[in-house]
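Notes follow once the structure below has been shown.
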Amino acid sequence: MPAIEHNPAPRVRDRQPVRLGSLGVFLRARPELLREWMLCRQLNLVMFCAVTIMIGAGVYGVVMGSWRGPWQALYTGIKLPLAILLTTLGNGLLNGMLAPLLGINLTFRQSLAAVLMSFAIASVVLGALSPVVWFVVWNTPPLTAAMQLSSPEYGVMQLSLAGFIALAGVVGNAHLLPLLSEWARSTATARKVLFAWLAGNLFLGSQICWVLRPFIWDPSRPVEFIGREYFHGSFFETVFEAARRLIFQ
Amino acid sequence: MNNQNLIPPTTPQIPPPIPPVMASSGPRSLGDDPSERLAIPNVIVTIEAILRQPRRVMFQLRQPGAGRLIAGMLFVSVVCSLIYGVVAGTFSGGAQLWAVPVKIAVGLMISALICLPSLYIFTCLGGSQARLVEVSGLLAGLLMLMTILLIGFAPVAWIFSQSTESLAWMGTLHLIFWFIATCFGLRFLETGFSHSNARSSAGFRVWVVIFMLVALQMTTALRPILGTSKTFLPTEKKFFIAHWGDCLKGRDEASKSESR
Amino acid sequence: MGALDELSPREISVLLSGEPEKIVAWTGQWSARRFALHVVVIIVGAGFYGAAMGWWRDPQQALYTALKFPLIILLTTTANALLNAMLAPLLGLNIPFRQSFSAILMSFVIAAAILGAFSPLLAFLIWNAPPMSSATPSESTYNFIKLTQVAVIAFAGVTGNVRLFQLLSRLAGRRVVACRVLFAWLAGNLFLGSQLSWILRPFIGSPSLPVEFFRATALHGNFYENVFHSLLQFFQQFD
Chain A
1 MPAIEHNPAP RVRDRQPVRL GSLGVFLRAR PELLREWMLC RQLNLVMFCA
51 VTIMIGAGVY GVVMGSWRGP WQALYTGIKL PLAILLTTLG NGLLNGMLAP
101 LLGINLTFRQ SLAAVLMSFA IASVVLGALS PVVWFVVWNT PPLTAAMQLS
151 SPEYGVMQLS LAGFIALAGV VGNAHLLPLL SEWARSTATA RKVLFAWLAG
201 NLFLGSQICW VLRPFIWDPS RPVEFIGREY FHGSFFETVF EAARRLIFQ
Chain B
1001 MNNQNLIPPT TPQIPPPIPP VMASSGPRSL GDDPSERLAI PNVIVTIEAI
1051 LRQPRRVMFQ LRQPGAGRLI AGMLFVSVVC SLIYGVVAGT FSGGAQLWAV
1101 PVKIAVGLMI SALICLPSLY IFTCLGGSQA RLVEVSGLLA GLLMLMTILL
1151 IGFAPVAWIF SQSTESLAWM GTLHLIFWFI ATCFGLRFLE TGFSHSNARS
1201 SAGFRVWVVI FMLVALQMTT ALRPILGTSK TFLPTEKKFF IAHWGDCLKG
1251 RDEASKSESR
Chain C
2001 MGALDELSPR EISVLLSGEP EKIVAWTGQW SARRFALHVV VIIVGAGFYG
2051 AAMGWWRDPQ QALYTALKFP LIILLTTTAN ALLNAMLAPL LGLNIPFRQS
2101 FSAILMSFVI AAAILGAFSP LLAFLIWNAP PMSSATPSES TYNFIKLTQV
2151 AVIAFAGVTG NVRLFQLLSR LAGRRVVACR VLFAWLAGNL FLGSQLSWIL
2201 RPFIGSPSLP VEFFRATALH GNFYENVFHS LLQFFQQFD
C-alpha cells in the first residue's frame, strides 16, 4: 500500500484563503488555492459548485431539448444537472474510499468536493457554450415527419451536442488532475485516483443517463420527463446486444 | 616583497550593480513604452493604433473608461462591414445592395456575441487575469481589425464582382479574404491574452475553431450573401457544408446543361 | 539641394541604381512634383512598350495597348494602396500610407523605365518579323515574340522588386520583415494585376479577331476561372 500523507499542519488554516467570490476567481484558481478552499471553505465550495452545476448544465440542457419543443427543453434542463448530481452523490462513498486506497488522503467530504469541482468547471464550460449550441440547434431543420434518427442533420446536431459535452468533461478533468497532484505530491498517484474516479463516474453516469433519457428526442414517444419503460434494461445491456448483433449478424 | 597576496581583504568586495533587465530577456509589459500610455481620443486614432501600435490599444483596454474605446471599435466594425457588404452586394445588385451590408454587419455582431461567453470562460480557465471588459475589448479589436482589412480587400472584391458571373468563384474569393482578415484579427486577440498571465492557450485555440465555425455557419444562416432570393432570410435551414455542396452541385449541373 | 535640383530625370537613374539614402528620404517626404514625375515615367515608359507590343497587329492596336499598359500599373497600385498600407505594419514594417504607396510606385517606375528602354528593341524585332495575319503560318515567330516580351517584362518586374526589397530592408532593418512585406504586396498586386490584365485584354491582338479596346467578353469570367477550366480540360483529356 503506498504511503499515505497526513493532512498538512493547521498553519495552512490560520491564513484565510482568497474568497470564492466570483466565477472568474473560481476558474482562475490555481491548485494550491483550490486545496485551501477544500480545507477551509468546504461548505461554501460545495454550495458554489452545486449552484454552478444546476445553472450551467441546466442552461445547456434547456438548449439541448429546445429542438424538440419547450417541454423537452424544460425536462432536459432539469435532467442534465440531475444526472451530474446523482452521479456525484451515487459514487460519493466509492470515490471517498478509492482515494485513500490509491494513495491520496482525502476524506469523504473532500473527495466529494473535488469531484463536484470538476463537474462545476465542466458545467461552466457547458453554460458558456450554450449560445453556440443554441445557434447549432437553431440551424438544424425542425422536427418534421420526414426527420429520422438516421437523418444527417440530426446526426450533426447530436454530434455537436455530444462533442461539446466531451470537451467540457475533458476540461473539468484536466483541472482536477493538478489538484490531485498537489494533494498527493505525486502525479502518478493523482492519475491513478483520477482514472478510478472517472471509471466509476462513467459507469454509473451512463446508466443514470440511460434511465433519464431522452435528452434530445425519442421518435417513438411523446414528450415526457421519464417513462416507465426506461426502467427496463440498462445502457450496457443495450450496448452489448447491439455489439452482438453487429458481430454475429 | 609584495604583501598584497598575503594580506586577506578585511572588507568584502562590493559586487558590481546588477544591470537592469533588458528587453531581450523577456516580453515587455504593456505600458512600459510611454507611447502606449497615450490615450486614444477618437476612432481615427484607434484605427491607426490597432494597425501600428496594437500594444497601445491593449493597454488602454485595461484602463478605466475602456468602454468608450470598445464602443468606438464596434462602431468602426459596423461601418466597415456595411461598406464591405455594399461591395459584396454589387455582384447581384438590386435589393442585395442593402440586404448584404445589413446581413454582414448583423451576422458579425451576433457571431461575436454568441462566442463571447465561451471566450471569457476559456481564457479564465487558461489562467488569464483579463476581466470581462478587457476580453470584450479584445474581441471588439478582433472585429475592427478584421473589418478594416476587409475594406482593404474591397477594391479587389469589387473588380472581381464586376467581371465574373460565377457564384462559386466569388463565394470562394470572399471566404479567402475573410479568412486572411480573421487571421490577423485572431493574432491581435492572442497577443492581447499573452499579456494577461495566461498559463495555457489550449482553450483559446479551441475557441478559435468554434468562432470560425460559427462565423461560417452564420453566412449560411443569413443567405444569400451572393445571388438573389425572394425572401430576406432563407426559409430552409441548412448547415454550411450541405449548402456549399448544393451550390457546387447546382453549378456542375448548370455547366453540364450548357455544354449539351 | 534645391527643390528644382531634386526633381530631374537624373532622379530616375538614382532609382535604377538604388541609392538607399536618397530613396529612403524620398519615400519619407511626400512631394507632388515627384509623384507627377513618377506617373509620367510610368505612362511614357510602359506606354512606349505597349505601343511596340500592339504595333505588330495594327497601329490602332499599338495606340490601345499604349494606353492600357500604364493603366494597369496605375490601377493596380491605386486599388491595392489601402490594403498594402495596412499589411505593412501588420507584418512588422511600421510605415505610413504615403510611404508604402511611394515605395510601390517607385518600384513600378523602375520597371516602366526598363520597359521604355527596351521598347525600341521590341519595335525593331517586330519590324523584322513577318506581319501578323491568319494566312501567314507564323506560329514560331508568334511564340518567339511572345517569349521575348515575357522575358523583358519579367526582367523589368524582377529588377523593380529587387530595388523594392532593398528599400524595405533598409526601412525595416530586418530582411525577414522585408521579405514578408514584399511577398504580401507581390501576392496582392499579382492577384489584382492578373485580373485587370484579363479585363483589359487584348494587348498583342489576334489576326482572327478585330482590333478593339476591350473584348466583348471583358467582364465575363475572370483570369483564374479561365486557368482553372484550362487545367480541368487538360487533365480530362487523360481520362
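Protein chains in written order, with this note's numbering: chain A, 1 to 249; chain B, 1001 to 1260; chain C, 2001 to 2239.
A virtual CB, placed ideally from N, CA and C, is assigned to each residue, including glycine.
Around residue 2221 of chain C, the beta-carbon contacts reaching into chain B at under 7 Å are 1164.
Listed along chain C are 2082, 2083 and 2086, each with a C-beta nearer than 7 Å to that of residue 1152 of chain B. Near chain B, meaning a CB-to-CB distance below 8 Å, the residues of the stretch 2165-2194 of chain C are 2188, 2191 and 2192. Ranked by Cα distance from residue 99 of chain A, the first of A:239, A:198 and A:193 is A:193. Burial check for residue 1165 of chain B: the Cβ neighbour count within 10 Å stays below 16, so the residue is exposed. Shortest Cα-Cα distance from residue 1062 of chain B to any of B:1244, B:1134, B:1213 and B:1170 involves B:1134. The residue among C:2215, C:2164 and C:2146 with its C-alpha nearest the C-alpha of residue 2101 of chain C is C:2164. By the CB criterion at 8 Å, residue 91 of chain A and residue 1239 of chain B fall outside the cutoff.
Around residue 1082 of chain B, the same chain offers 1101 and 1105 as residues with beta carbons nearer than 7 Å, after the five sequence neighbours per side are excluded. For residue 2027 of chain C, the uninterrupted alpha helix (DSSP H) run begins and ends at 2020-2028, by DSSP. Against chain B, the CB of residue 173 of chain A has no partner CB under 8 Å away; the residue lies outside that interface.
C-alpha of residue 1046 of chain B to C-alpha of residue 2099 of chain C: approximately 20 Å in a straight line. For residue 1061 of chain B, there is no enclosing alpha helix (DSSP H), as DSSP gives it neither H nor E. Taken in chain order, the stretch 1093-1144 of chain B contains no complete beta strand (DSSP E) segment of 3 residues or longer. Scanning the stretch 2140-2220 of chain C from its first residue to its last, the whole alpha helix (DSSP H) runs of 4-plus residues come out as 2175-2199. Between the stretch 1155-1163 of chain B and the stretch 1081-1097 of chain B there are three or more C-beta pairs closer than 8 Å, enough to call the two in contact. Secondary structure remark: continuous alpha helix (DSSP H) runs of at least 4 residues inside the stretch 1199-1248 of chain B, in chain order: 1202-1221. Any Cβ of chain B closer than 8 Å to the Cβ of residue 36 of chain A would place that residue at the interface, and such an atom is absent. Inclusion of residue 64 of chain A and residue 161 of chain A in the CB contact set at 8 Å is warranted, their separation being smaller than that value. Neighbours of residue 1222 of chain B in chain C, taken as residues at a C-beta separation under 7 Å, are lacking, since the least C-beta distance is about 26 Å.
The beta-carbon separation of residue 75 of chain A and residue 225 of chain A, rounded to 5 Å, stays under the 8 Å limit for a contact. Remark: fewer than three beta-carbon pairs, one from each stretch, lie closer than 8 Å, so the stretch 2217-2235 of chain C and the stretch 1182-1193 of chain B are not flagged as touching. For residue 1107 of chain B, none of the residues of chain A pass the 8 Å Cβ criterion, the least Cβ distance being about 11 Å. Within the same chain, Cβ atoms closer than 8 Å to the Cβ of residue 2175 of chain C are found at 2169, the five residues on either side in sequence being excluded. The beta-carbon separation of residue 2185 of chain C and residue 2094 of chain C, rounded to 15 Å, does not stay under the 8 Å limit for a contact.
What residue 1051 of chain B touches in chain C, judged by beta-carbon distance under 8 Å, is 2086, 2089 and 2090, going in chain order.
Counted as a single uninterrupted DSSP element, the alpha helix (DSSP H) harbouring residue 2089 of chain C occupies residues 2081-2090. Straight-line spacing of the CA atoms in residue 2180 of chain C and residue 2236 of chain C works out to 37 Å.
With its beta carbon at least 8 Å from every one in chain A, residue 1204 of chain B lies outside the interface. Burial state of residue 1042 of chain B is exposed, judged by a 10 Å Cβ sphere holding fewer than 16 other Cβ atoms. Taken through DSSP and simplified to helix, strand or coil, residue 195 of chain A comes out as helix.
If you look at residue 1073 of chain B, you'll find it in the alpha helix (DSSP H) that goes 1066-1089.
Distance from the CA of residue 2195 of chain C to the CA of residue 157 of chain A, rounded to the nearest whole angstrom, comes to 41 Å.
Residue 2044 of chain C sits away from residue 2160 of chain C, with the two beta carbons spaced by 8 Å or more.
Of all C-beta pairs linking the stretch 1135-1144 of chain B to the stretch 1067-1080 of chain B, three or more are shorter than 8 Å, placing the two stretches in contact. In this model, residue 2167 of chain C and residue 1053 of chain B are separated by some 22 Å (Cα to Cα).
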